[in-house]
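Notes follow once the structure below has been shown.
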Amino acid sequence: GVPSILQAMFEGLRDSLPGGVAMTRLTVQCSIGEGTIAALMQSVQAAHEGISIGSYPWFKPGQFGTAAVVSGLDADVTHAAANTLAEGVQAMGADAYVMALAGSE
254 GVPSILQAMF EGLRDSLPGG VAMTRLTVQC SIGEGTIAAL MQSVQAAHEG ISIGSYPWFK
314 PGQFGTAAVV SGLDADVTHA AANTLAEGVQ AMGADAYVMA LAGSE
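Quick note: to get our numbering, add 253 to the position in the sequence shown (first position is 1).
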């Protein structure tokens, strides 16, 4: 499929691409709906310069929640934003924890 073709193309180009600053990406796993924390995610992103937050709802039998991915070039700011988001979700009465994404940091 297309993803495997793109992966092969990238592998062929990898050594010719210039390097750059590593991006830190953290996931805040939440046991709460995406819409419920939308305003919180927006305020955390606005309060932490240089980060972006993407959210991905998930569903399992009898459960649902959100994986919020916090990304940024400054590791300290990214960690602070992820922790602020997790604390905000916990203050709403839901479970939340921060974890690093594979290949990040």
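By construction, the Cβ of each residue, glycine as well, lies at the ideal position given by its N, Cα and C atoms.
For Val-297, collect the residues of the same chain with a Cβ closer than 6 Å to its Cβ; drop the 5 residues on either side in sequence, then sort them by chain order.
For Val-297, where only same-chain residues beyond five positions count, the Cβ hits under 6 Å are Ala-334, Thr-337, Leu-338.
Assign Met-345 to one of three DSSP states: helix, strand, or coil.
Secondary structure at Met-345: coil, using DSSP grouped into helix, strand and coil.
Whole-Å CB distance - Val-330 paired with Gly-307, under 8 Å assumed:
Wrong, their Cβ atoms sit about 16 Å apart, outside the cutoff.
Spatial neighbours of Pro-310 within its chain, please: CB distance less than 6 Å, with the 5 preceding and 5 following residues excluded, ordered by chain position.
Non-local beta-carbon contacts of Pro-310 in its own chain, meaning distances under 6 Å to residues more than five positions away in sequence, involve Glu-287, Thr-319 in chain order.
Comparing C-alpha positions only, which one of Arg-267, Leu-266, Gly-303, Leu-293 sits nearest to Met-276?
Here the closest residue by C-alpha is Gly-303.
How many angstroms separate the CA atom of Val-255 from the CA atom of Ile-290?
Within the model, the alpha-carbon separation for Val-255 versus Ile-290 is close to 33 Å.
Suppose you measure from the CA of Val-274 to the CA of Ile-258; what does that come to, to the nearest Å?
Rounded to the nearest angstrom, the two C-alpha atoms are 26 Å apart.
Min CB distance Val-274 to chain D below 8 Å:
Considering every chain present, this structure includes no chain D. It has just one protein chain.
Kindly indicate which residue of Phe-312, Ala-300, Leu-293 has the alpha-carbon position closest to the one of Glu-340.
Comparing Cα positions, the closest option is Leu-293.
Out of Val-281, Ser-305, Gly-265, which has the shortest C-alpha to C-alpha gap to Leu-326?
The shortest CA-to-CA distance from Leu-326 to any of Val-281, Ser-305, Gly-265 is the one to Ser-305.
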